[in-house]
Each structure stands twice: as C-alpha cells, then as structure tokens.
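*Asks:* Each residue of the sequence shown is one higher than the one before, counting from 22 in the numbering used here.
Right, I'll just put the structure down here and ask away after.
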Amino acid sequence: MKGIVFNLLSTIVVHEYGEDAWDDLLDSTGLNGAYTSLGNYPDEELMRLVDASPKALGLPDSAAVLRWFGRRAIPILAERYPNFFTPQKSTLRFLLTLNEIIHPEVKKIYPGADVPVFDFDTSSEGVLVMGYRSKRKLCALAQGFAEGAADYYGEVLQFEHLKC
Numbered sequence: 022m023k024g025i026v027f028n029l030l031s032t033i034v035v036h037e038y039g040e041d042a043w044d045d046l047l048d049s050t051g052l053n054g055a056y057t058s059l060g061n062y063p064d065e066e067l068m069r070l071v072d073a074s075p076k077a078l079g080l081p082d083s084a085a086v087l088r089w090f091g092r093r094a095i096p097i098l099a100e101r102y103p104n105f106f107t108p109q110k111s112t113l114r115f116l117l118t119l120n121e122i123i124h125p126e127v128k129k130i131y132p133g134a135d136v137p138v139f140d141f142d143t144s145s146e147g148v149l150v151m152g153y154r155s156k157r158k159l160c161a162l163a164q165g166f167a168e169g170a171a172d173y174y175g176e177v178l179q180f181e182h183l184k185c
C-alpha cells in the first residue's frame, strides 16, 4: 500500500478527531506512523489501523471505517488533483474515468501503485453497475470514494453490493 493512503487517513483522523486520536490509533496497533507518500507499506498495516478504528472513532465496524475514510478523502484528493475532477460534470462521468485516466496517472505519480480495476455496465438508464477487481478486497473503500465523488458533484447514490 502506498504511503499516500496512510497520509490521507492520518490527515482525516486528525482533522475530525484530533491529534490524540491518531496517536491512540497508532499506539493501539503498535505502528510508528512514519509514512512517506511514495513509500510502500504492507497492506496489513492499513488493515490494523482500520480494524482498530471502529472503537476509537465510534463507527460500527471496519467496513464503515473504510467507507468513512473514502468519503472524507475525496475533498482532499479533489483539491490536490483538480484535473481529475473538474473536467467531469457528474459522478458517473468521474467514475468512468477510473481505469483509463485516473489510475494510469496514479501509477505515474506513485510508481508501483497496485490499483483496482473496475468493470462498468451503463446499459440501464440511471444505473451504473460496477465490478471491482482487487486482491485487497477493499470494496467498502471504493464505495466511500464513490460516495465522496457524489458529494463533490452534489449527487446522491444508492448502493447494492452483490459481492466483494
């Protein structure tokens, strides 16, 4: 996992819960919290933080933490990388750029990034069916990113998970 993910999580936790909350999370997991944005870190470190977060952040479970994190990350990402967001006029248009525009650019900015692949079915009016392929199985994080994108574009989404 790229360090930028850990940096985003730290920024969001500190912003919403304070520096002590982040320090408490690190203490409870035994992690030192020193992450450089371009560094590579074991996926297990992120999952240790996520799994320790429900109690510390008052969220029901790890999936809720991942959704919360993804949703809160989008405004930060939109500020840092406006070229990914401003050309699109809707959540649908934004999501459809993931494989061909956003993820290739992510790989340029963060060499070695292991990004998910999405399949899209737009054959039904007003419905986007997304397939998610990643060994990490972070479907809840992907949902949070989509919810954050909907917030960014002033839209509301409904989700139905068939499987992760």
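Glycine residues also receive a C-beta, built at the ideal position from the N, C-alpha and C atoms.
Note that the coordinates shown come from a computational prediction; the quantities given were computed from them, not determined experimentally.
Short of 7 Å in beta carbon distance, which residues of its chain neighbour F27, apart from the five on each side in sequence? Order them along the chain.
*Replies:* Reading the sequence shown from its first residue, position 6 is the one you call residue 27. So the list reads Y56, Y62 and L67, once near-sequence residues are dropped.
*Asks:* Identify the continuous alpha helix (DSSP H) that holds F139 and give its terminal residues.
*Replies:* As a working note, residue 139 is residue 118 in the sequence shown. That residue, F139, is in no alpha helix (DSSP H); its beta strand (DSSP E) goes V138 to D142.
*Asks:* If I'm right that L70 touches L30 with Cβ under 8 Å, what's the distance once you round it to whole angstroms?
*Replies:* Here the question's residue 70 lines up with position 49 in the sequence shown. Here the question's residue 30 lines up with position 9 in the sequence shown. Their Cβ separation, rounded to whole angstroms, is 6 Å, which keeps L70 and L30 in contact under 8 Å.
*Asks:* Just to confirm my understanding: we take L159, look at its own chain, exclude 5 residues before and 5 after, and list those with CB closer than 7 Å. What are they?
*Replies:* Here the question's residue 159 lines up with position 138 in the sequence shown. Contacts found: L87.
*Asks:* In three-state DSSP terms, what is N53?
*Replies:* Reading the sequence shown from its first residue, position 32 is the one you call residue 53. Here N53 sits in coil by DSSP.
*Asks:* Where do the ends of the alpha helix (DSSP H) carrying G165 lie?
*Replies:* On the sequence shown, residue 165 is found 144 positions in, with the first residue counted as 1. Counting along the chain, the alpha helix (DSSP H) containing G165 begins and ends at C160 to Y173.
*Asks:* Measuring CB to CB, does R114 end up less than 9 Å from G165?
*Replies:* Along the sequence shown, read from residue 1 onward, the residue named residue 114 stands at position 93. Along the sequence shown, read from residue 1 onward, the residue named residue 165 stands at position 144. Going by C-beta atoms, R114 is not nearer than 9 Å to G165.
*Asks:* Roughly how many angstroms lie between the CA atoms of I25 and V148, to the nearest whole one?
*Replies:* One-based indexing of the sequence shown puts residue 25 at position 4. One-based indexing of the sequence shown puts residue 148 at position 127. Whole-angstrom Cα-Cα distance: 31 Å.
*Asks:* Should the stretch 40–55 be called in touch with the stretch 114–125, which here means at least 3 C-beta pairs below 8 Å?
*Replies:* Too few Cβ pairs lie closer than 8 Å, so no.
*Asks:* Using DSSP with H/G/I as helix, E/B as strand and the rest coil, what is R154?
*Replies:* Position 133 of the sequence shown, counted from the start, is the residue given in the question as residue 154. Correct three-state label for R154: strand.
*Asks:* Could you check whether R157 and F139 sit closer than 9 Å to each other, using their CB atoms as the reference points?
*Replies:* Here the question's residue 139 lines up with position 118 in the sequence shown. Here the question's residue 157 lines up with position 136 in the sequence shown. No, the pair does not count as a contact, with Cβ atoms beyond the cut-off.
*Asks:* Taking the alpha helix (DSSP H) that K184 belongs to, which residues open and close that run?
*Replies:* If you number the sequence shown from 1, residue 184 lands on position 163. It is not in any alpha helix (DSSP H) - K184 carries neither H nor E in the DSSP assignment.
*Asks:* For the putative contact between L178 and A167, defined by C-beta atoms under 8 Å, what is the C-beta separation to the nearest angstrom?
*Replies:* As a position in the sequence shown, residue 178 is number 157, starting the count at 1. As a position in the sequence shown, residue 167 is number 146, starting the count at 1. Sure, about 6 Å apart at Cβ, within 8 Å.
*Asks:* T118 to H36, Cα distance in whole Å?
*Replies:* Stepping through the sequence shown from its first residue, residue 118 is reached at position 97. Stepping through the sequence shown from its first residue, residue 36 is reached at position 15. Computed Cα separation, rounded: 29 Å.
*Asks:* From E176, V127 and G91, pick the residue whose C-alpha is nearest to that of N104; which is it?
*Replies:* Residue numbering aside, residue 104 sits at position 83 when the sequence shown is read from its first letter. Out of E176, V127 and G91, V127 has the C-alpha closest to the C-alpha of N104.
*Asks:* Alpha carbon to alpha carbon, what distance is there between G51 and A170?
*Replies:* Your numbering for residue 170 matches position 149 in the sequence shown. Your numbering for residue 51 matches position 30 in the sequence shown. Rounded to whole angstroms, A170 to G51 spans 33 Å at the Cα level.
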